[in-house]
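Chains as they are written, first to last, in our numbering: chain V, 85 to 306; chain Y, 144 to 396.
Next up, the structure:
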């Protein structure tokens, strides 16, 4: 009984096998990505919470990150990765961010995504609450915040203070509360966080927090 | 053999393994018997020159036996498996032996946080030890646990304990476990809970009495002072910080 396949079928079978092996090899090797391409690819992991443009999401408690300085994004990602930030038992938002930062373990990934975030155009964030004593807020800002975050609130790389203008007001209030409660700034390795925690504790109550944040929202973003 | 792949570290992990073995053996008997019969029939009634195929209706008594006897055997196997499963279910889920200690387990996207009662052995007191990503237990002690979720459905899974319990938000689950072997084991979430589900792991450390006391003494002294100012601004979204207790012991991390 003849069991061998006809010649055309044998050729087709050989082509199919060779093609499958070639595809597997190509997929396994992958193409070399530039840092920008890698950063853009990694940023897709951030968009479910921070939005396509990095503008943040109030309902998901995700801050605006577009256009934040590269050194700041890289520093905070590194803190999240190593449980210096976001590991407090009550820090729900931190618990969501920490595992995301942990996925950036391959060398260069953290820097690539930080560079991509820094290159994104800042997204304006509208105030979510009204009121506040702007004069009092300005006074507290100039005496407490301006040294590290800059008199214009645009950050200061030398002191490690990130840009505040353009950030969501609810996020800034939430972080002040986290610093005050010890959710942030209490890890032994978080020296800058400890400084910020000390500053936050000088704001005597919620009204003082909202005054200073309301003033920050009046600062020009450009 | 199961222990070769996955250590057993709780008083009931052996019961779960025995059940897995029972199911494997009984189902295995059926599987291999059916496959052996199938291939034997294929060989026995293979094509032969001059022998025509014959349609068998299966109505005769001796042919029906080929269905009825295996059917009866499978039913007996099922009854044995169900009885054994109920026994294990009663041990793990329906029995709550007196507790030496009670801990609290909180799940949220995407971390496990734990509260140990600390040196006084009573939860919700000032010396509670709250940790993230790491649970410490003393070997040989019976623990009760309460399990909750802050957001979506999670599932608390400790393979070495053979323990798995879903956590629906809004419900408080009570269970128990008695660690029997010192060591470090994995804790995982086995309910897809969002983009970070795959990295929602934690570490379980089972230690002897001296090590556990040393751990408690080290961590019950770490406290972070929290302010009581949790006022919410008009119009501002509520922050999780507002739910922080007045005194928050630092995480072990």
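Ideal placement from N, C-alpha and C gives every residue a C-beta, glycine not left out. Remember, predicted model here, so these are calculated numbers, not experimental data.
Are residue i and residue j touching if we call contact CB-CB under 9 Å?
i             : j             : result
residue 300/Y : residue 275/Y : no
residue 237/V : residue 303/V : yes
residue 312/Y : residue 294/Y : yes
residue 166/V : residue 147/V : no
residue 66/V  : residue 232/V : Residue 66/V is absent from the model: chain V starts at 85 and stops at 306.
residue 304/Y : residue 155/Y : yes
residue 291/Y : residue 247/Y : yes
residue 203/V : residue 151/V : yes
residue 306/Y : residue 320/Y : yes
residue 181/V : residue 192/V : no
residue 285/Y : residue 213/Y : no
residue 258/V : residue 269/V : no
residue 267/V : residue 174/V : yes
residue 216/V : residue 294/V : yes
residue 221/V : residue 300/V : yes
residue 155/V : residue 213/V : no
residue 157/Y : residue 217/Y : no
residue 258/Y : residue 273/Y : yes
residue 159/Y : residue 235/Y : yes
residue 234/V : residue 305/V : no
residue 162/Y : residue 265/Y : no
residue 338/Y : residue 129/V : yes
Kindly indicate the opening and closing residues of the alpha helix (DSSP H) around residue i.
i             : result
residue 153/Y : That residue, residue 153/Y, is in no alpha helix (DSSP H); it is neither H nor E in DSSP.
residue 359/Y : 352-363
residue 246/Y : Per DSSP, residue 246/Y belongs to no alpha helix (DSSP H); it is in the beta strand (DSSP E), 244-251.
residue 225/V : Careful: residue 225/V lies outside any alpha helix (DSSP H) and carries neither H nor E.
residue 267/V : Where residue 267/V is concerned, there is no enclosing alpha helix (DSSP H), given that its DSSP letter is neither H nor E.
residue 290/V : 290-300
residue 118/V : It is not in any alpha helix (DSSP H) - residue 118/V carries neither H nor E in the DSSP assignment.
residue 287/V : Premise fails: residue 287/V is in no alpha helix (DSSP H) and is neither H nor E.
residue 232/Y : 204-232
residue 132/V : 131-134
residue 151/V : Run containing residue 151/V: none; DSSP gives neither H nor E here.
residue 180/V : 176-186
residue 193/V : 193-203
Any idea if residue i is buried or exposed, counting beta-carbon neighbours within 10 angstroms, 16 or more meaning buried?
i             : result
residue 263/Y : exposed
residue 328/Y : buried
residue 164/V : buried
residue 207/Y : exposed
residue 140/V : buried
residue 251/Y : buried
residue 283/V : buried
residue 264/V : buried
residue 180/Y : exposed
residue 183/Y : exposed
residue 248/V : buried
residue 152/Y : buried
residue 210/V : exposed
residue 103/V : exposed
residue 199/Y : exposed
residue 192/Y : exposed
residue 143/V : exposed
residue 345/Y : buried
Output the boundary residues of the beta strand (DSSP E) element that contains residue i.
i             : result
residue 280/Y : 277-281
residue 330/Y : 326-332
residue 318/Y : 316-320
residue 284/Y : Run containing residue 284/Y: none; DSSP gives neither H nor E here.
Quick one: measure Cβ to Cβ for residue i and residue j, integer angstroms, because I've assumed they're closer than 8 Å.
i             : j             : result
residue 325/Y : residue 309/Y : In fact, because the Cβ distance is near 28 Å, the residues do not count as touching under 8 Å.
residue 223/V : residue 260/V : So it is not a contact: roughly 16 Å between Cβ atoms.
residue 330/Y : residue 209/Y : Actually they do not touch by this definition, with Cβ atoms about 49 Å apart.
residue 185/V : residue 157/V : Residue 185/V to residue 157/V, Cβ: 10 Å. No contact.
residue 124/V : residue 179/V : Between residue 179/V and residue 124/V the Cβ distance is about 26 Å, and since that is not below 8 Å, they are no contact.
residue 218/V : residue 298/V : 6 Å
residue 343/Y : residue 183/V : 6 Å
residue 261/Y : residue 270/Y : 4 Å
residue 207/V : residue 271/V : Contact flag wrong, Cβ pair sits at about 30 Å.
Could you check whether the Cβ of residue i sits closer than 8 Å to any heavy atom belonging to the ligand MG?
i             : result
residue 182/Y : The ligand MG is not part of the structure shown, which contains no ligands of any sort.
In the DSSP output, which residue or residues are listed as bridge partners for residue i?
i             : result
residue 166/V : Answer by DSSP bridge pairing: none, since residue 166/V is not bridged.
residue 347/Y : 278/Y and 328/Y
residue 308/Y : 299/Y
residue 273/Y : 258/Y
residue 240/V : 245/V
residue 292/Y : 250/Y
residue 141/V : 146/V
Starting from residue i, find everything on chain B with Cβ-Cβ shorter than 9 Å and list it in chain order.
i             : result
residue 253/Y : In the displayed structure, chain B is absent; the protein chains listed are V and Y.
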